[in-house]
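So that you can map any letter, position 29 of the sequence shown is 29 in the working numbering, and since no number is skipped, the others follow by simple counting. Glycine included, every Cβ here is placed at the ideal spot set by N, Cα and C.
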Amino acid sequence: MAFLSDTLARVKPSPTIAVTNKARELSEAGRDVIGLGAGEPDFDTPAHIKAAAIAAIEAGKTKYTAVDGIPELKKAICAKFARENGLSYKPSQITVASGGKQVLFNALVATLNPGDEVIIPAPYWVSYPDMVLLAGGTPVFVEGKMEAGYKINAADLEAAITPQTKWFIFNSPSNPSGAAYTRDELKALTEVLLRHPQVWVMSDDMYEHLVFGGFEFTTPAQVEPGLYDRTLTCNGVSKAYAMTGWRIGYAGGPEHLIKAIAKVQSQSTSNPCSISQYAAVAALNGPQDYITESRVAFERRRDLVVAALNECPGITCPTPEGAFYVYPSIAGLIGKTSAAGVTIGDDETFATALLEETGVAVVFGAAFGLSPAFRISYATSDAALSDACARIKSFCEGLK
Ligand SMILES: Cc1ncc(COP(=O)(O)O)c(C=O)c1O
């Protein structure tokens with residue numbers, strides 16, 4: 001009898017973490033590696049947030065807290081939703097977990113039964129399909145083509161909905177493509193959803209602050225108040241305040257769903273780290289300068305990377321609206337052979353050859369459900385990005 005569960009057998013480990021580990025290994029072995037795989041800001045957590053955490057430790061706020069968040073943090077989250085998204089939630093409609101990832105996972109575990117379908121636009125964040133599988137549901141993919149800016153439209157969404165559809169996972173700006181939906185594009189999707197009352201919306205707004213060129217960020221429950229009662233609006237402090245290691249994510253939604261999510265958490269991890277919760281209060285209530293500063297830096301890097309990649313023969317890189325990722329197509333490289341004799345049959349071979357031959361670590365598109373492409377996280381220094389793009393260019397020029 002197999003020791004591991006059938007459910008686990010359906011799931012694969014995170015490919016982005018695998019690439020990061022491989023790059024670290026090569027680097028430790030003395031290779032000159034530029035890692036563009038990890039999805040985290042390279043900036044430090046702002047000083048006033050760290051100070052709030054230190055003050056919390058010194059004040060003895062080091063014990064168990066309420067399972068799904070301290071009242072101060074829930075209040076700060078309600079104020080954030082009202083201030084930035086025009087959404088009105090009561091503290092009883094807020095849940096806090098150990099990262100946005102845990103909020104999404106808990107919500108799926110709390111709601112999915114075998115046979116339930118979850119619509120996921122591709123390219124998608126690597127964890128969505130596997131979280132759905134772990135929770136016993138069935139992922140249903142809808143492709144957002146490069147020519148459409150990696151976005152899906154109303155007809156695509158309508159065609160994917162069945163009586164079994166339970167959730168539509170919406171992620172704008174997107175990891176991995178950086179694509180963000182305009183208010184009108186989102187409105188077209190919400191009009192479809194209004195016609196299908198069995199479908200709930202899980203909006204992953206993790207990258208909301210990283211939008212460029214005056215782009216206006218909007219979220220489904222804000223654009224279509226008719227969906228408020230069946231939308232879980234998910235967010236977190238990881239990307240907004242360079243707090244990936246602190247592990248605080250949160251969501252607002254209907255009270256009965258929030259209670260169900262807390263039930264899952266009460267029997268698994270219990271409360272998120274007490275100290276991190278106090279730090280998150282300072283992040284949400286305190287000065288917001290970091291958000292603007294990081295946005296300026298990321299926009300400059302986006303422009304640098306997009307321009308440099310479009311100079312590489314065989315690579316086409318659209319300009320995304322947000323996040324800190326680009327998702328170039330390598331359709332023009334398939335079938336070519338590298339200087340070391342590797343034939344580029346797909347995007348995984350491309351990423352492996354690129355790492356081995358140039359030391360640049362990127363994540364192959366198949367991991368995100370749309371090929372042939374790759375993802376670059378440009379959350380690293382301008383100098384490292386210029387160096388990496390120069391290496392990618394010489395790799396492409398060397399292909400026969
Ligand atoms: C789209 C998306 N959602 C959620 C998360 C989870 O973030 P965290 O668990 O750090 O809050 C990430 C992190 O990479 C992400 O890219």
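Problem - Closest Cα partner of T233 within the set R247, P163, N285 and T218 - result: For this step, residue 233 is matched to residue 233 along the sequence shown. Selected option, being the one with the closest Cα: T218.
Problem - N- and C-terminal bounds of the alpha helix (DSSP H) containing T111 - result: What you label residue 111 is simply residue 111 of the sequence shown in a count that begins at 1. That run of the alpha helix (DSSP H) goes G100 to T111.
Exercise for the section: Just the C-alpha distance for G286 and G341, rounded to the nearest angstrom, thanks. Expected result: Your numbering for residue 286 matches position 286 in the sequence shown. Your numbering for residue 341 matches position 341 in the sequence shown. The straight-line gap from Cα to Cα measures roughly 55 angstroms.
Exercise for the section: Consult DSSP for P320 and reduce its assignment to one of helix, strand or coil. Expected result: For the purposes of this step, residue 320 is identified with residue 320 of the sequence shown, where counting begins at 1. In this structure, P320 counts as coil in the three-state DSSP scheme.
Exercise for the section: Assess, as a yes-or-no matter, whether the stretch 278 to 293 is touched by the stretch 138 to 154 under the definition of 3 or more beta carbon pairs within less than 8 angstroms. Expected result: no
Handout entry: Coil, strand or helix - F141 by DSSP
Key = Reading the sequence shown from its first residue, position 141 is the one you call residue 141. Of the three classes helix, strand and coil, the one that applies to F141 here is strand, per DSSP.
Practice task
Go through its chain and collect everything with a Cβ distance to Y89's Cβ below 6 angstroms, but skip five positions before and after it.
Solution key: If you number the sequence shown from 1, residue 89 lands on position 89. Closer than 6 angstroms at Cβ, skipping near neighbours: C78, F81 and G252.
Practice task
Could you check if V296 is buried or exposed, using at least 16 other CB atoms within 10 Å of its CB as the buried criterion?
Solution key: Here the question's residue 296 lines up with position 296 in the sequence shown. By the 10 Å Cβ count, V296 comes out exposed.
Exercise for the section: Please confirm whether any heavy atom of ligand 1 lies closer than 6 angstroms to the CB of M202. Expected result: Stepping through the sequence shown from its first residue, residue 202 is reached at position 202. It does not: the Cβ of M202 is nowhere closer than 6 angstroms to a heavy atom of ligand 1.
Practice task
Pull up the DSSP beta-bridge partners for W200, would you.
Solution key: Start at 1 with the first residue of the sequence shown, and residue 200 comes out as number 200. Answer is W167, bridged to W200.
Problem - Closer than 6 angstroms: G100 CB and nearest ligand 1 heavy atom - result: Counted from its first residue, the sequence shown places residue 100 at position 100. Yes, the beta carbon of G100 sits closer than 6 angstroms to at least one heavy atom of ligand 1.
Handout entry: Distance between P46 and I54 (C-alpha atoms, nearest Å)
Key = Position 54 of the sequence shown, counted from the start, is the residue given in the question as residue 54. Position 46 of the sequence shown, counted from the start, is the residue given in the question as residue 46. Roughly 13 angstroms between the two C-alpha positions.
Handout entry: CA-to-CA distance, L73 to Y250, given in whole angstroms
Key = Translated into positions along the sequence shown, residue 250 becomes position 250. Translated into positions along the sequence shown, residue 73 becomes position 73. Those two C-alpha atoms are separated by around 10 angstroms.
Problem - Enclosing beta strand (DSSP E) for F374 [first to last residue] - result: Taking the sequence shown and counting its residues from 1, one reaches residue 374 at position 374. From DSSP, the beta strand (DSSP E) with F374 extends over F374 to S377.
Practice task
Consider the C-beta atom of G253 and the heavy atoms of ligand 1; say whether any pair is separated by less than 6 angstroms.
Solution key: On the sequence shown, residue 253 is found 253 positions in, with the first residue counted as 1. Checking the Cβ of G253 against ligand 1 gives no.
Handout entry: Three-pair Cβ contact test at 8 angstroms for the stretch 388 to 396 versus the stretch 348 to 358
Key = yes
Exercise for the section: Counting only the same chain and skipping the five closest in sequence on each side, list residues whose C-beta sits under 8 angstroms from that of R302. Expected result: Here the question's residue 302 lines up with position 302 in the sequence shown. If we look at R302 and ignore the five residues flanking it on each side, its Cβ neighbours are G178, F212, T319, P320, F324, V326 and Y378.
Exercise for the section: Using beta-carbon positions only, say whether S274 and K61 come within less than 7 angstroms of one another. Expected result: As a first step, residue 274 is located in the sequence shown; it is residue number 274 there, counting from the start. As a first step, residue 61 is located in the sequence shown; it is residue number 61 there, counting from the start. Contact: yes.
Exercise for the section: May I ask you to verify whether the stretch 254 to 270 touches the stretch 21 to 40, counting CB pairs closer than 8 angstroms and requiring at least 3? Expected result: no
Exercise for the section: Report the option in H256, K166, I152 and S127 whose CA atom is closest to the CA atom of N401. Expected result: Within the shown structure, residues of the chain are numbered from 1 to 400, placing residue 401 beyond reach of any answer.
Practice task
My understanding is that D130 touches F170, with C-beta atoms under 8 angstroms, so please give their C-beta distance in whole angstroms.
Solution key: As a first step, residue 130 is located in the sequence shown; it is residue number 130 there, counting from the start. As a first step, residue 170 is located in the sequence shown; it is residue number 170 there, counting from the start. With a Cβ gap of about 18 angstroms, D130 and F170 do not count as contacting.
Practice task
Tell me P121's beta-bridge partners as DSSP assigns them.
Solution key: The residue given as residue 121 occupies position 121 in the sequence shown. V142.
Handout entry: Residues of its chain near G226, where Cβ-Cβ distance is below 7 angstroms and the 5 sequence neighbours each way are ignored
Key = For the purposes of this step, residue 226 is identified with residue 226 of the sequence shown, where counting begins at 1. Contacts found: L194.
Handout entry: Nearest residue (CA-CA) to L134, options Y150, R24 and Q102
Key = One-based indexing of the sequence shown puts residue 134 at position 134. Considering only alpha carbons, the answer is Q102.
Handout entry: Three-state secondary structure (DSSP) of F81
Key = Residue numbering aside, residue 81 sits at position 81 when the sequence shown is read from its first letter. Helix.
Exercise for the section: Check the C-beta distance from G322 over to P173 and give it rounded, since I have them as a contact under 8 angstroms. Expected result: Position 322 of the sequence shown, counted from the first residue, corresponds to residue 322. Position 173 of the sequence shown, counted from the first residue, corresponds to residue 173. Yes, they are in contact, since the Cβ atoms of G322 and P173 sit about 3 angstroms apart, within 8 angstroms.
Problem - For S172, three-class secondary structure by DSSP - result: Translated into positions along the sequence shown, residue 172 becomes position 172. In the structure shown, S172 sits in coil (DSSP, three-state: anything other than H, G, I, E or B).
Practice task
Return yes when the C-beta of M243 is under 6 angstroms from any heavy atom of ligand 1, and no when it is not.
Solution key: Position 243 of the sequence shown, counting from 1, holds the residue named residue 243. Checking every heavy atom of ligand 1 against the Cβ of M243, none is found closer than 6 angstroms.
Problem - Residues that V360 bridges to, as DSSP identifies them - result: Here residue 360 is taken as the residue at index 360 of the sequence shown, counted from 1. DSSP, once it has assigned bridges, lists I34 as partnering V360.
Exercise for the section: For V126, I'd like the list of residues in its chain whose CB is within less than 7 angstroms of its CB, leaving aside the five on either flank, ordered along the chain. Expected result: Working through the sequence shown from its first residue, we reach residue 126 at position 126. Excluding positions up to five away in sequence, the list reads S14, P15, T16, A367 and F368.
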